[in-house]
Structures are given as C-alpha cells and as structure tokens.
Amino acid sequence: MSARFVYWMNVSLDLLIERDRGDHSGLEGPDWLHIDGPLHREFNDRARAMTMFVEGRVVRDMMDPFWPDARDDDSLPEWFREFGHIWTDIPKVLVSRTRTTAEHHTRVIGGDDAIAQLAALRRESEGDIAVGGATLATQLLAAGLVDELLLYTHPAVLGSGRPLFDEPVPEPLLLDLLEQRAFDNGVTLHRYAVRGASA
Numbered sequence: 004m005s006a007r008f009v010y011w012m013n014v015s016l017d018l019l020i021e022r023d024r025g026d027h028s029g030l031e032g033p034d035w036l037h038i039d040g041p042l043h044r045e046f047n048d049r050a051r052a053m054t055m056f057v058e059g060r061v062v063r064d065m066m067d068p069f070w071p072d073a074r075d076d077d078s079l080p081e082w083f084r085e086f087g088h089i090w091t092d093i094p095k096v097l098v099s100r101t102r103t104t105a106e107h108h109t110r111v112i113g114g115d116d117a118i119a120q121l122a123a124l125r126r127e128s129e130g131d132i133a134v135g136g137a138t139l140a141t142q143l144l145a146a147g148l149v150d151e152l153l154l155y156t157h158p159a160v161l162g163s164g165r166p167l168f169d170e171p172v173p174e175p176l177l178l179d180l181l182e183q184r185a186f187d188n189g190v191t192l193h194r195y196a197v198r199g200a201s202a
C-alpha cells in the first residue's frame, strides 16, 4: 500500500496562510496565530506519527537551522525543544531547483520531473508523509497526489493574503471529514480526506 501525502497548514478562517510575505519568520510568527503549549504538543504528536516530511525550499529555510538549534536551547519551552528533536530526526525530502544538499536526514530532489519523483516516492513508501509549503501542495494537488488536508484554523479573518493553494482548483475539491477537534485557545482542527486522489 502506498503512502499518503498530507498537506499540513495553519490557516485563518478565510483559508489564508499568511497576510504579508514573510510574516511567519521569527519565533512568535504573526499575531493572528494562536500557538500555545497545548497546541504545540498536538503538533509534536502529529509530527511524530509521520513517516517523512516533504518540504519546499521556503519552508525548509524557516525550519533549518531554527529547529536543529532549538533542541538544546534551554531558553525555549520544553515543547519547542521536543519538536526540534522530532523534526531533525525524521527523514525529509527537500524539493528545490537551487539546492543540491541538505543536512538532518534530508534527500534533495529537483528538476522538471520533481512531481514525478514525488509520485514515485509516494508509491514506494508507507504511512503518512507531511507536505509543507503551498507551492508544493498546489503542484501535488494538480497531479492528484494530495490525499489529506490537516488544517489548524485560527480565529482570525485576514481579508487578503496568500491562500491555502496558490492557484484556484479547476473543479470543486470534494472532501470527507475524518476528524475535528477544538482547542481552548480558539483553534480548531479539521482533517479531511481528499476524494479522487491518485492510487
């Protein structure tokens, strides 16, 4: 049985992932995100259950070196340090046209056939593979390779900004609700299976 690509993202109520370019840089992130200790522990549990992370270059640049450095930074909360260990140790794939190497258990793929390489990876792997980055997720969706959406919806309406997918879906995207949960900080989890994903 092939693996499943899971597009994991924090979103606003109007399904935007950022208000301004680069607003996820830094430890705190934008003020519309409500990430506290309990929610971050939820992230840690989800990440630990993944068999692999697939990331675009922009996401990778946000993750590294911050999370490897966070592992041993006693000034950070315990849940940050824990995620640092999880992210660093899990196998990763970086999709990039400009990078050829990366550390921390990372394989780099690129070129015009990157999506075909990811399709092969999905066929040959098992479990759930987290997808990070709207550009990458948009390309995978167009290829019928996104199996699941894992969305953490924050109580904010941004009005304008970058959407969940970079391009409008050509046809309605039909979903089946697999799980939902509410957190005390106002964030809600909605986990959906995408109908019609390629086998």
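4 is the number of the first residue of the sequence shown in the working numbering; add one for each residue after it. In this text, a Cβ means the ideal position worked out from N, Cα and C, and glycines have one as well.
- Measuring C-alpha to C-alpha distances from D67 to each of S78, R49, F86 identifies F86 as the nearest.
- Between the stretch 33-44 and the stretch 62-77, the count of Cβ pairs shorter than 8 Å is below three; the stretches do not touch.
- Of the candidates L161, G113, L181, P173, L161 places its Cα closest to the Cα of L18.
- Linking I20 to M65 through their CA atoms gives a straight-line distance of about 15 Å.
- Sequence-distant Cβ neighbours of L152 in its own chain, meaning closer than 6 Å and more than five residues away, are Y10, Y195.
- A straight line joining the alpha-carbon of Q142 with that of S99 spans about 13 Å.
- Shown here, P71 sits in a helix according to DSSP, grouped into three states.
- The Cβ atoms of E127 and M4 lie no closer than 8 Å to each other.
- The three-state secondary structure of D26, taken from DSSP, is coil.
- The three-state secondary structure of W35, taken from DSSP, is coil.
- Ranked by Cα distance from A133, the options G59, L181, D23 are led by G59.
- Relative to the Cα of I118, the nearest Cα in the group R51, A140, L42, L167 belongs to A140.
- Rounded to whole angstroms, the gap between the alpha carbons of E45 and T104 is 30 Å.
- Taking all protein chains in view, the Cβ of A52 is surrounded by fewer than 16 other Cβ atoms within 10 Å, so the residue is classified as exposed.
- S78 counts as exposed, since fewer than 16 other beta carbons sit within 10 angstroms of its beta carbon.
- Linking R22 to D39 through their CA atoms gives a straight-line distance of about 20 Å.
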